[in-house]
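Below is one structure, written out as structure tokens; comments come after it.
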Amino acid sequence: MAQTHVPNSRWRQARALIARRRFAALASVAGLAVVAVIALAAIGVATFGSSRGGDDSGVYDGSVAPAVGLAVRAPEEGLSSAAPAHDDAKGTASSGGVTQSATDGAGGSGVPLPSQNAGRTIIRSAGMELEVAVVADAFEQVRQIAVALGGYVGDSTFNGAGEHQTAHLTVRVPADRFGDAITQIRGLAAEVQSISTSAHDVTEEYRDVEATIRNLRAVEQRYIELLGRAGSIGDILQVQDRLNQVRLEIDRTEARRQLLASQSELATITVSLRPVGADGAVIDGPRGPLDAAADAWRSSLNTLSALATAVLVVAVYSWWIVPPAVVLIVLARRRWMRRASDVTVARSD
């Protein structure tokens, strides 16, 4: 009786071995699929991060001229007029921009300044990093220079105290006194770390805005004439609505013109002051254990944020692998249960 069951038992063992090999093959395929998904997710995370890493500084670029256009239509006379957009201003407004920089060193003869072009609308700006004997005294002297030249100090900040004190000022001075302001402020420094100046030509943009205002004024006058000749309430309401739209565009364009005029009439100078010989990395004072703990806490939060982002990207990228994975798991479970049943029967025999 035992001899008749031996071949059957060996056959079942062989079948169980085949089932295990098939299960191992399926598991290998599933593992390769998971590795592929993780690789794709890593590529997705890198792409997602690079796509968001663009410049988002929000700094105004005066080279982009506003495209002001308004289509208007008269109710009875079929008038169609539009304020020109002047697309060519976009490409030419910044053509005259000049950026210059200078550092104090041996043989330095002075600070190159933007060219003074008569009849041009130019927005001038400068940045200065200076080392001075006493930061508080230099701050007051910069303020006095700005006032004496007909300007003023806008934003200003103080950091630290004593030998570690620093100051940052934003000075506005008339454009025709820009060079004088640079020279006088530089004279306060014991050592000049850096000076940079720039001149952004917005003449074409300014002229474009002025032309747009003139055209809109002409359209406004035409609508006023049509409003006086309107014969019905419906025509009056329609013309009045168009007139309101034109006047709104006039207000917006006029505000833009005034902004350009203000920026070109007053130059901007950003001044950074610090004590002579101070190391910029330690001006704000020595770092203590609490600073290190705060840095560690921020780093841990950044790590958790990165992990959460990776998990979300993997979840989004791996939706397509869920159905085949479920099928593989069900098949593997069935084979496993069948093999376990065969082994149980074989042992009972």
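What the sequence shown shows, in the numbering used here, is residues 1355 to 1703, in sequence order.
From the three backbone atoms N, C-alpha and C, an ideal C-beta is built for every residue, glycine too.
Item	Value
Closest by C-alpha distance to GLN1612, when choosing among ARG1692, MET1691, THR1551, ILE1567	ILE1567
Contact under 8 Å by Cβ, HIS1554 with ILE1476	yes
Run of the beta strand (DSSP E) containing VAL1527, from where it starts to where it stops	1520-1528
At least 3 beta-carbon pairs within less than 8 Å: the segment 1544-1563 vs the segment 1653-1665	no
Classification of VAL1573 by the beta-carbon crowding that lies within 10 angstroms, buried from 16 upward	buried
Between the CA atoms of ALA1521 and ILE1529 - distance to the nearest angstrom	The sequence given here places Ala at residue 1529; Ile does not occur at that position. Approximately 24 Å between the Cα atoms of the pair.
For LEU1597 and TYR1577, believed in contact at Cβ under 8 Å, the rounded distance	4 Å
Cβ pair VAL1527, LEU1503 closer than 8 Å	yes
THR1537: first and last residue of the uninterrupted alpha helix (DSSP H) it sits in	1532-1540
Limits of the beta strand (DSSP E) - the one that ARG1561 falls within	Element bounds for ARG1561: not the beta strand (DSSP E) but the alpha helix (DSSP H), 1557-1583.
Sequence-distant residues of its chain with Cβ nearer than 6 Å to SER1479 (five each side left out)	SER1552, THR1622
6 Å Cβ shell around GLU1483 - same chain, five flanking residues per side excluded	GLN1547, SER1548, SER1626
First and last residue of the uninterrupted beta strand (DSSP E) at ILE1587	Where ILE1587 is concerned, there is no enclosing beta strand (DSSP E), although the alpha helix (DSSP H) it sits in stretches over 1587-1619.
Coarse secondary structure for ARG1474, derived from DSSP in three states	coil
Closest by C-alpha distance to ARG1540, when choosing among GLY1508, ASP1562, ALA1500, VAL1670	ALA1500
Cβ distance (whole Å) where LEU1614 is taken to contact VAL1563 below 8 Å	7 Å
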